[in-house]
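In what follows, a structure is listed as structure tokens, so that the remarks can point back to it.
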Amino acid sequence: MRQKSKKIDYAKWGYFFIIPFFASFFIFSFLPLVDTIRYSFFEYYRSGIKEIGPNFVGLQNYISLLESDMLKYAGNTLILWLIGFVPQIVIALVLAEWFVDARLKIHGLQFFKVVIYLPNLIMASAFAMLFFTMFSTNGPINGILMSFGWIKEPVDFLGTVLGTRSLIGLMNFLMWFGNTTIMLMAAIMGISPDIFEAAELDGCTSVQRFFHITLPLIRPILAYTLITSIIGGLQMFDVPQILTNGQGNPDRTSMTLIMFLNSHLKSKNYGMAGALSVYLFIVSGILCFIVYRMTNNEDMNGAKVTKKAKKERKG
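For what it's worth, my numbering labels the leading residue of the sequence shown as 1450, then goes sequentially.
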């Protein structure tokens, strides 16, 4: 009589190995998130050495934020993000297409990849301090311009709205366009060469190939890039914080939402900080959902075309 061979179940070990992740997520992410939402419904702050609250106030913190300068700071955040992201994605697409194109036979390709990625390795705080030193009234940029005779007096770059916002956008662009370029290069290299060869045989130009083949096929990576950029833009803090010494000057035109949140935390107004955090969470979720729906429709896998064909057959 044959004995049945025992079947060893390895699936339980998978659950065992993921326990540390879920435990750390629950302790360090989920519980603080729930606590932040709870605090947003309470009046809880310090006035000198006196602690006020926590007193339940319902939606009063959310209403107070809408009546404050929060929307102005949201506009600042949007402008600063656009100044940094628009040139970033355009130049990253151009460089990615340029580096991947085998017909150009670019020499030293690995060197260029390393160079454009290097700014991504520099800490944002160090980057901001570097730009603060370079573009100050007594900095080397003004010194060079005056030595060439292009200006007679030092330019106060950090004293104007355009100058401060442009510097913040330039720093965000320099820090992240290399990372974006590498990701887009990987996406383009994942496209089958047969598609490009067929396009060339059909007489497609380089511009037509880029807009009608490359862009549609790398749409998922573009969506990922845009979503992560939106989240990073909403969390913009270190560069404007250091460059403007936390004041958002001039006239608080470079004050971002996270800097506004940080000011509430410094004043120990945990109720308002919690409400603002919830606002940021909701806005980022809505924006990411819109971007995902816009860039990942059903046209990519032909689902809509199939449905339309079925309806025509029935008709």
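Note that CB positions come from ideal geometry on N, CA and C, so glycine has one too.
Just so we're clear, the structure is a prediction, and the values are computed from it rather than from any experiment.
Specify the secondary structure class of residue i as computed by DSSP and reduced to three states.
i	result
glutamate 1602	coil
lysine 1554	coil
phenylalanine 1505	strand
phenylalanine 1491	strand
lysine 1717	coil
serine 1496	strand
cysteine 1737	helix
arginine 1701	coil
glutamine 1690	helix
glycine 1592	helix
asparagine 1587	coil
Taking buried to mean at least 16 other C-beta atoms within 10 Å of its own C-beta, is residue i buried or exposed?
i	result
asparagine 1504	exposed
leucine 1607	buried
histidine 1713	buried
tryptophan 1599	exposed
phenylalanine 1622	buried
glycine 1697	buried
valine 1539	exposed
alanine 1577	buried
methionine 1743	exposed
glycine 1557	exposed
valine 1688	buried
leucine 1579	exposed
glycine 1497	exposed
lysine 1461	exposed
phenylalanine 1534	buried
Assuming residue i and residue j are in contact, meaning their beta carbons sit under 8 Å apart, how far apart are those beta carbons, in whole angstroms?
i	j	result
asparagine 1525	threonine 1674	Their Cβ separation, rounded to whole angstroms, is 23 Å, which puts asparagine 1525 and threonine 1674 out of contact at 8 Å.
alanine 1672	tyrosine 1741	6 Å
alanine 1573	threonine 1629	So it is not a contact: roughly 16 Å between Cβ atoms.
isoleucine 1617	serine 1678	Not quite, the Cβ-Cβ distance comes to about 15 Å (not below 8 Å), so this is no contact.
tyrosine 1494	phenylalanine 1709	Between phenylalanine 1709 and tyrosine 1494 the Cβ distance is about 15 Å, and since that is not below 8 Å, they are no contact.
serine 1733	leucine 1692	Not really, about 23 Å apart at Cβ, beyond 8 Å.
glutamate 1492	glycine 1502	5 Å
valine 1549	methionine 1634	6 Å
isoleucine 1590	phenylalanine 1597	Incorrect: roughly 11 Å between the Cβ atoms, too far for contact.
methionine 1685	leucine 1529	6 Å
Measure from the alpha carbon of residue i to the alpha carbon of each residue in the options, then state which is nearest.
i	options	result
serine 1615	Ser1716, Pro1536, Gly1695, Leu1570	Pro1536
lysine 1562	Lys1601, Ala1577, Ala1545	Ala1545
methionine 1620	Leu1666, Gln1690, Thr1677, Asp1643	Gln1690
alanine 1647	Ile1662, Val1656, Phe1466	Ile1662
asparagine 1510	Ser1489, Arg1495, Ala1523	Ser1489
isoleucine 1631	Leu1611, Val1564, Gln1684, Leu1650	Val1564
asparagine 1711	Arg1701, Thr1702, Ala1722, Ser1703	Ala1722
aspartate 1700	Thr1613, Phe1491, Ile1501, Val1549	Thr1613
glutamate 1602	Gly1588, Lys1717, Thr1744	Gly1588
glycine 1507	Ile1739, Ala1724, Thr1744, Phe1738	Ala1724
leucine 1567	Leu1579, Gly1592, Phe1626	Phe1626
isoleucine 1735	Met1685, Gly1720, Ile1676, Tyr1719	Ile1676
asparagine 1694	Val1483, Thr1582, Pro1469, Ile1486	Thr1582
aspartate 1484	Leu1594, Cys1737, Tyr1719, Ile1731	Tyr1719
valine 1543	Phe1730, Lys1717, Phe1660	Phe1660
Would you say residue i lies against chain D (beta-carbon separation less than 8 Å)?
i	result
phenylalanine 1606	The displayed structure is made up of one protein chain only, and chain D is not part of it.
Is residue i near the ligand GDP, judged by its Cβ being under 7 Å from some heavy atom?
i	result
glutamine 1696	The ligand GDP is absent from the structure shown, which contains no ligands of any kind.
* Between the segment 1652–1670 and the segment 1631–1640, do three or more beta carbon pairs fall short of 8 Å? -> yes
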